[in-house]
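**Q** Chains as they are written, first to last, in the working numbering: chain A, 1 to 341; chain B, 1001 to 1172.
Okay, handing you the structure first.
Written as structure tokens, this is what we have:
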């Protein structure tokens, strides 16, 4: 359904009305409803759509896009007035590369800033604010990103948004980040893999693959595997890139783990981490069992948490390791829960 | 008799065959089909209902009954998308789609339709977490602390989970 959905002309396909009805809730729950709607429209298969959910998602994201652009513009004006130069990533920085507005959902506005600028940025964004928006300033990255904020700023680019220059990461830094983000979250949203496929295909001849993959070999291989997944599962074109060979020989467990996660239609949100929610459920055995199943890391997330190679070896040992590594945090919270009575 | 569209505090976006409007003051989003969008755009406070019908006629190259325009104006007014309403004469009854169809005014053009879209505001999109969860977050975590104006701390009223010091978060 989402195969090549990010392209100006997605690959032709067909789907029955029954199959579409079966997957529609998953598409909507994972934020891919608008992309699916566009693919159906391109394939002239809108007659197979029984509900209005997918189109409504497209309308909603289109309006969100308009609001997001106004807010992003406002944020950059305010930040610059306070002598801060943030870097916008994900959200509009990615959506602008799609052929239409409204193909992906918009959430918080993610910014990278230097640590020393964090407090000043918050003050600048809160002062005299006449509209409501959610900003997430970040001053550090995943350890596996292996780049500093200064590196990212030095290589960043500016793009015009309604008369304001918005700073976004270089395509190389951005692709590396969204690959890690996808893996960190166990790849639960197919939309994130569409983002990866879209970025890989929009990489022109000036795209510096060395820059994107630079770092330890293991983490470069993670990036290659994420892009390889976009190729295997969604048809992203990788011919002529350094990823081509790896994309054809991904570990067998990898795509299986992702497809299994997608079939659930949800992922674990950070705020509902096992360490935090489990103590509260201890008094309800049924919920406890469900919580344990729910919070068992999928093979991708466990591999990332245990900083392991994406090899052919079984992932179960890493999944157990991941659960054990979070035990101290869990015990700490359990203690607090018990003391609270 | 010269309706004027409201233009202030509205965000608009075109998608194929529709116009989306977000009302920044009421945080409501509307979807206008082609006919209602055309009428809304032409409402400049200088055109009468008859002239608006003529504009529709010109666009579709088909005869258009004035009651079609009244139907659109009624919906625009209800959605508060008009600054100056059309000043309906008391002799003229409210028009509904059903009335038009029953009266045989089923035209070749699409009847005007305005629907509401469930568009979340930034505040509605913000989630809530507990102070314990906030304290255990790191700025480098996926999602970070929640950010300025972002995630609310549910157990400490009026506070947000915000970055604090180097790579730490707290409710403040």
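Positions of the beta carbon are idealized from the N, C-alpha and C atoms, including for glycine.
Taking only beta-carbon positions, decide if residue 1020 (chain B) is within less than 7 Å of chain A.
**A** As a first step, residue 1020 (chain B) is located in the second chain; it is residue number 20 there, counting from the start. Closer than 7 Å to some Cβ of chain A, the Cβ of residue 1020 (chain B) qualifies, so yes.
**Q** Please list the residues of the stretch 1002-1013 of chain B that have a C-beta atom closer than 7 Å to any C-beta atom in chain A, keeping them in chain order.
**A** 1011, 1013
**Q** Buried or exposed: where does residue 313 (chain A) fall if 16 or more other Cβ atoms within 10 Å of its Cβ makes it buried?
**A** Looking up residue 313 (chain A) in the first chain gives position 313. Per the 10 Å Cβ criterion, exposed.
**Q** Can you pull out the residues from the stretch 185-215 of chain A whose beta carbon lies closer than 8 Å to at least one beta carbon of chain B?
**A** Residues passing the 8 Å Cβ filter: 185.
**Q** May I have the straight-line CA-CA distance separating residue 1101 (chain B) from residue 1072 (chain B), to the nearest angstrom?
**A** The count along the second chain starts at 1 and reaches residue 1101 (chain B) at position 101. The count along the second chain starts at 1 and reaches residue 1072 (chain B) at position 72. If I take the Cα positions, the gap works out to 15 Å.
**Q** Under the rule that 16 or more other beta-carbon atoms within 10 Å means buried, what is residue 4 (chain A), buried or exposed?
**A** Start at 1 with the first residue of the first chain, and residue 4 (chain A) comes out as number 4. With 16 or more other Cβ atoms within 10 Å, it is buried.
**Q** Expressed to the nearest angstrom, what Euclidean distance is found between the alpha-carbon atoms of residue 1008 (chain B) and residue 1022 (chain B)?
**A** To locate residue 1008 (chain B), count along the second chain from 1; it is residue 8. To locate residue 1022 (chain B), count along the second chain from 1; it is residue 22. Those two C-alpha atoms are separated by around 11 Å.
**Q** Taking 6 Å as the limit between beta carbons, can you name the residues of its chain near residue 1042 (chain B), skipping five residues before and five after?
**A** For the purposes of this step, residue 1042 (chain B) is taken as the residue at position 42 of the second chain. Excluding sequence neighbours, residue 1042 (chain B) sits near 1052, 1055.
**Q** With a Cβ-Cβ cutoff of 7 Å, do residue 262 (chain A) and residue 315 (chain A) count as a contact?
**A** As a position in the first chain, residue 262 (chain A) is number 262, starting the count at 1. As a position in the first chain, residue 315 (chain A) is number 315, starting the count at 1. No, they are not a contact pair.
**Q** In the DSSP output, what is residue 1005 (chain B) paired with across the bridge?
**A** Within the second chain, numbered from 1, the residue matching residue 1005 (chain B) stands at position 5. According to DSSP, which records beta bridges pairwise, residue 1005 (chain B) is partnered with B:1082.
**Q** At a cut of 8 Å, does the stretch 36-49 of chain A reach the stretch 71-83 of chain A through at least three beta carbon pairs?
**A** no
**Q** Ignore the nearest five residues each way along the sequence and tell me which others in residue 198 (chain A)'s own chain have a CB closer than 7 Å to its CB.
**A** The count along the first chain starts at 1 and reaches residue 198 (chain A) at position 198. Same-chain partners within the cutoff: 6, 97, 98.
**Q** Applying the criterion that 16 or more other CB atoms from any shown protein chain within 10 Å of the CB defines a buried residue, is residue 12 (chain A) buried or exposed?
**A** Start at 1 with the first residue of the first chain, and residue 12 (chain A) comes out as number 12. The residue in question, residue 12 (chain A), is exposed, as its Cβ has fewer than 16 Cβ neighbours within 10 Å.
**Q** In the DSSP assignment, what residue or residues form a beta bridge with residue 136 (chain A)?
**A** Residue numbering aside, residue 136 (chain A) sits at position 136 when the first chain is read from its first letter. Paired residues: A:110.
**Q** Would residue 194 (chain A) pass as a contact of residue 327 (chain A) if the rule is Cβ separation under 7 Å?
**A** Taking the first residue of the first chain as 1, we reach residue 194 (chain A) at position 194. Taking the first residue of the first chain as 1, we reach residue 327 (chain A) at position 327. Contact: no.
**Q** I want to see whether chain A comes within less than 7 Å of residue 1112 (chain B), judged by CB atoms only; does it?
**A** Working through the second chain from its first residue, we reach residue 1112 (chain B) at position 112. Residue 1112 (chain B) does not count as touching chain A.
**Q** Would the stretch 237-249 of chain A and the stretch 208-221 of chain A be scored as touching if the rule is three or more Cβ pairs under 8 Å?
**A** Contact between the stretch 237-249 of chain A and the stretch 208-221 of chain A is present, because at least three Cβ pairs lie under 8 Å.
**Q** Taking the alpha-carbon positions, what's the residue 336 (chain A) to residue 138 (chain A) distance?
**A** As a working note, residue 336 (chain A) is residue 336 in the first chain. As a working note, residue 138 (chain A) is residue 138 in the first chain. Cα to Cα, the separation comes out at about 29 Å.
**Q** My output table needs one value for residue 1022 (chain B): the three-state DSSP class, helix, strand or coil.
**A** As a first step, residue 1022 (chain B) must be located in the second chain, where it is residue number 22. Here residue 1022 (chain B) sits in strand by DSSP.
**Q** The beta strand (DSSP E) that contains residue 159 (chain A), what's its start and end?
**A** Translated into positions along the first chain, residue 159 (chain A) becomes position 159. For residue 159 (chain A), the uninterrupted beta strand (DSSP E) segment begins and ends at 157-161.
**Q** Tell me which residue opens and which closes the beta strand (DSSP E) that residue 76 (chain A) is part of.
**A** Mapped onto the first chain, residue 76 (chain A) falls at position 76. In the DSSP annotation of this structure, residue 76 (chain A) is not part of any beta strand (DSSP E); the continuous alpha helix (DSSP H) holding it starts and ends at 53-81.
**Q** Touching or not, the stretch 106-115 of chain A and the stretch 79-89 of chain A, by the rule of three or more beta carbon pairs under 8 Å?
**A** yes
**Q** Taking Cβ positions only, does residue 60 (chain A) come closer than 7 Å to chain B?
**A** Looking up residue 60 (chain A) in the first chain gives position 60. Yes, because at least one Cβ of chain B sits closer than 7 Å to the Cβ of residue 60 (chain A).
**Q** In the DSSP assignment, find the unbroken beta strand (DSSP E) run with residue 1161 (chain B) in it and report its ends.
**A** As a first step, residue 1161 (chain B) is located in the second chain; it is residue number 161 there, counting from the start. Residue 1161 (chain B) -> beta strand (DSSP E) spans 1161-1164.
**Q** For the alpha helix (DSSP H) that residue 211 (chain A) lies in, which residues bound it at each end?
**A** Walking along the first chain from the start, residue 211 (chain A) turns up at place 211. Here the alpha helix (DSSP H) through residue 211 (chain A) covers 209-213.
**Q** Check residue 166 (chain A) in the structure and name its three-state DSSP category.
**A** In the first chain, residue 166 (chain A) corresponds to position 166, counting from 1. The answer is strand: DSSP assigns residue 166 (chain A) an E or B state.
**Q** Where does residue 220 (chain A) fall in DSSP's three states?
**A** The count along the first chain starts at 1 and reaches residue 220 (chain A) at position 220. It is helical.
**Q** In the structure shown, what three-state DSSP assignment does residue 87 (chain A) receive?
**A** Along the first chain, one-based indexing puts residue 87 (chain A) at 87. DSSP places residue 87 (chain A) in the strand class (E or B) of the three-state scheme.
**Q** Which class does residue 1032 (chain B) belong to by DSSP, given the choice of helix, strand or coil?
**A** Residue mapping note: residue 1032 (chain B) aligns to position 32 of the second chain, counting from 1. It is a strand residue.
**Q** Does DSSP classify residue 1116 (chain B) as helix, strand or coil?
**A** Within the second chain, the letter at position 116 stands for residue 1116 (chain B). Of the three classes helix, strand and coil, the one that applies to residue 1116 (chain B) here is strand, per DSSP.
**Q** Going by C-alpha to C-alpha distance, which of B:1134, B:1031, B:1088 sits closest to residue 1017 (chain B)?
**A** Taking the second chain and counting its residues from 1, one reaches residue 1017 (chain B) at position 17. Cα-wise, what sits closest to residue 1017 (chain B) is B:1031.
**Q** Who does residue 1170 (chain B) pair with in a DSSP beta bridge?
**A** Translated into the one-based positions of the second chain, residue 1170 (chain B) becomes position 170. Residue pairing by DSSP places residue 1170 (chain B) opposite B:1162 in a beta bridge.
**Q** So what's residue 298 (chain A) in DSSP terms, helix, strand or just coil?
**A** Along the first chain, read from residue 1 onward, the residue named residue 298 (chain A) stands at position 298. If DSSP states are grouped into helix, strand and coil, residue 298 (chain A) belongs with coil.
**Q** Could one say the Cβ of residue 1029 (chain B) lies closer than 7 Å to chain A's Cβ atoms, at least one of them?
**A** Position 29 of the second chain, counted from the first residue, corresponds to residue 1029 (chain B). Taking Cβ atoms only, chain A reaches closer than 7 Å to residue 1029 (chain B), which makes this a yes.
**Q** Answer with buried or exposed for residue 236 (chain A), where buried requires no fewer than 16 other C-beta atoms within 10 angstroms of its C-beta.
**A** By one-based count along the first chain, residue 236 (chain A) stands at place 236. Result: buried.
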